[in-house]
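In the numbering used here, the protein residues as written are 10 to 211.
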């Protein structure tokens with residue numbers, strides 16, 4: 010058989026396997042998000058913070074930020090609900106490859122993978138820390154850090170469902186910021202736990 014045909018067949022088979030694998034992950038995460046409004050609350054906050062930034066008057070900025078307090082509390086609570094719900098899934102289903110590209114079912118045969126369940130607990134704790142303002146930031150600084158926490162959570166979900174390369178690209182496309190900058194902008198609580206998680210693995 011011609012080598013070109015063999016490569017074409019292989020490429021088609023690989024693409025089908027990748028689509029199936031990613032579809033399973035999207036469906037699994039979606040099943041845990043179905044009864045939550047987490048995604049809608051996250052979108053409300055990211056758009057709301059942008060609106061506040063564009064307000065010329067500082068007092069008006071603070072008024073706008075204050076209106077999102079209930080949504081912020083809901084985000085923190087629902088992120089914790091999601092993290093706890095995902096604990097019920099198997100380690101294999103929650104494994105994440107360290108490779109930047111999608112390697113279907115890598116968690117089944119690689120000796121060291123990352124655990125999405127642990128990562129969600131990090132995000133839940135980080136969001137609660139910022140929402141409760143344990144660091145005592147002023148409202149605008151707090152909103153800045155909370156935006157970064159939300160961006161990093163989105164990145165993690167895209168990484169789990171697709172790949173790290175896709176997550177990086179979506180972060181840059183949707184929010185015009187890269188992963189390194191977002192990680193530097195979250196709270197120290199989140200950043201330090203995230204970096205430990207990246208160095209660890211099963």
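Note that CB positions come from ideal geometry on N, CA and C, so glycine has one too.
What you are looking at is a predicted structure, and each value in this text was computed from that prediction instead of being measured.
Pick helix, strand or coil for residue i, following the three-state DSSP scheme.
i	result
residue 71	helix
residue 182	helix
residue 124	strand
residue 103	coil
residue 19	helix
residue 112	coil
residue 42	helix
residue 187	coil
residue 142	coil
residue 90	helix
residue 119	coil
residue 211	The predicted position of residue 211 is uncertain, since its pLDDT is 48 and thus under 50; no value can be drawn from it.
residue 149	helix
For the candidate residues the options, whose alpha-carbon lies nearest to that of residue i?
i	options	result
residue 41	98, 65 and 14	98
residue 101	108, 110, 114 and 52	114
residue 50	203, 86, 124 and 63	86
residue 54	209, 109 and 154	154
residue 125	103, 146, 143 and 135	103
residue 119	92, 128, 108 and 67	108
residue 44	135, 94 and 140	94
So, under 8 Å CB-CB, residue i and residue j are touching, yes? Tell me the CB distance rounded to an integer number of Å.
i	j	result
residue 89	residue 151	Wrong, their Cβ atoms sit about 19 Å apart, outside the cutoff.
Exercise. Are the stretch 199 to 207 and the stretch 68 to 85 touching by the rule of at least three beta carbon pairs closer than 8 Å?
Worked result: no
Exercise. Taking three-plus beta-carbon pairs below 8 Å as touching, is the stretch 31 to 39 in contact with the stretch 169 to 179?
Worked result: yes
Exercise. Any chance the stretch 125 to 134 sits against the stretch 180 to 188, with 3 or more Cβ pairs inside 8 Å?
Worked result: no
Exercise. Does the stretch 137 to 148 come close enough to the stretch 189 to 198 that 3 or more CB-CB pairs lie under 8 Å?
Worked result: yes
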